[in-house]
Amino acid sequence: MKPNSIRFTAIFLLFIPFISFAQKDFQGKAYYQAKTTLDMSRFEGRQMSEEQKRRITERMKSMFEKTYILTFNQIESIYKEEEKLEAPGTGGGRWRSMMSSFTAGDQYKNVKEKTFLQDQEFFGKQFLIKDSLPQLKWVMGSETKQIGAYTCFKATALKTKTDFDFNRFRRPPERKENKEKKATNTEEEKPDQVEVVVWYTPQIPVNQGPGEYWGLPGLILEVNEGRTTILCSKIVMNPEEKSPIKAPSKGKEVSKETYYTIVKKKTEEMRENFRRGGGRPGGRRR
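Numbering that gives the first Met the number 0 puts the sequence shown at residues 0 to 285.
Encoded structure:
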């Protein structure tokens with residue numbers, strides 16, 4: 000499909016439902032299934048058997064497979080994890096408590112004011128992450144696919160890795176020769192980047208999407224970033240009972256950069272504890 004055809008189709012689909020979307024009290028809800036694959040090969044094999052890896056994978060499955068609800072209108076949205084009752088015996092103990100600190104809290108976007116707010120608890124401390132919306136440079140492709148009843152278009156962008164990545168948590172200590180090589184390297188180290196592939200539908204002409212994602216002429220229904228996939232499973236337009244889209248306001252206000260610095264420092268401390276404790280958070284060698 001040629002670029003001009005893509006634009007024509009997108010515009011055509013956009014104007015079909017324009018009247019209902021232009022309503023002052025318009026609201027929609029999109030339900031997303033998020034799944035992240037844990038790379039167990041990054042764990043030090045000499046300290047962990049295959050059976051131990053399997054048990055950890057099963058234990059942490061629920062932490063990496065979640066359901067979120069995006070409540071949105073033409074200007075604002077709030078992205079929240081769906082609350083679920085825990086089954087007996089699946090508390091997860093210390094592991095769950097630790098991982099909950101690395102799970103994003105409620106995320107609010109205002110695409111008119113270009114603002115982003117996130118309610119975040121990190122190891123018992125409450126933060127309010129306040130920053131401008133990330134400006135990804137989307138490349139709109141020619142591919143289309145059907146997600147449910149919606150025709151979706153593909154878009155890609157490069158994103159700098161800033162969020163906590165559990166797959167890096169057990170990174171082995173650097174060898175001496177690698178450290179010396181870095182010390183003699185005069186080139187500035189570039190931040191890691193990951194390709195983000197999304198699918199959006201002009202049939203729902205709102206500039207919104209799950210999490211921090213936005214900036215396309217239609218609701219983003221699918222996100223693929225590294226080992227994480229976020230897929231929309233259900234959409235409810237103009238529900239009978241509307242939910243308030245309220246920006247979070249509690250916690251110590253910090254920018255994204257400041258918050259990631261705090262997370263990085265804590266992650267380094269935890270990695271060192273892992274190394275000393277033989278794979279147990281905060282543990283000691285026996």
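C-beta atoms are modelled at their ideal positions from N, C-alpha and C, and glycine is treated no differently. Here the structure is a predicted model, which is why all the values come from computation and not from measurement.
Counting along the chain, the unbroken beta strand (DSSP E) around residue 118 starts and ends at 114-121. Taking a cut-off of 8 angstroms on C-beta distances, the region 117-133 does not touch the region 192-206, as fewer than three cross pairs fall below it. Per DSSP, residue 107 is one residue of the beta strand (DSSP E) stretching across 106-109.
Membership of residue 76 in the beta strand (DSSP E) is indicated by the continuous run 75-80. Taking residue 116 as reference, the option from 236, 143, 269 and 248 with the minimal CA-CA separation is 248. Pairwise C-beta distances place the region 212-221 in contact with the region 148-157, as three or more of them are shorter than 8 angstroms. The beta-carbon separation of residue 244 and residue 70, rounded to 6 angstroms, stays under the 8 angstroms limit for a contact. The shortest CA-to-CA distance from residue 210 to any of 104, 147 and 142 is the one to 104. In the DSSP assignment, residue 69 forms a beta bridge with 29 and 78. Residue 118 places its beta carbon less than 8 angstroms from that of residue 250. DSSP places residue 259 in the helix class (H, G or I) of the three-state scheme. In the DSSP annotation of this structure, the continuous segment of the beta strand (DSSP E) that includes residue 198 starts and ends at 192-200. In the displayed model, residue 36 falls within coil according to three-state DSSP, outside both helix and strand. Taking each of 122, 82 and 133 in turn and checking the Cα distance to residue 107, the smallest one comes out for 133.
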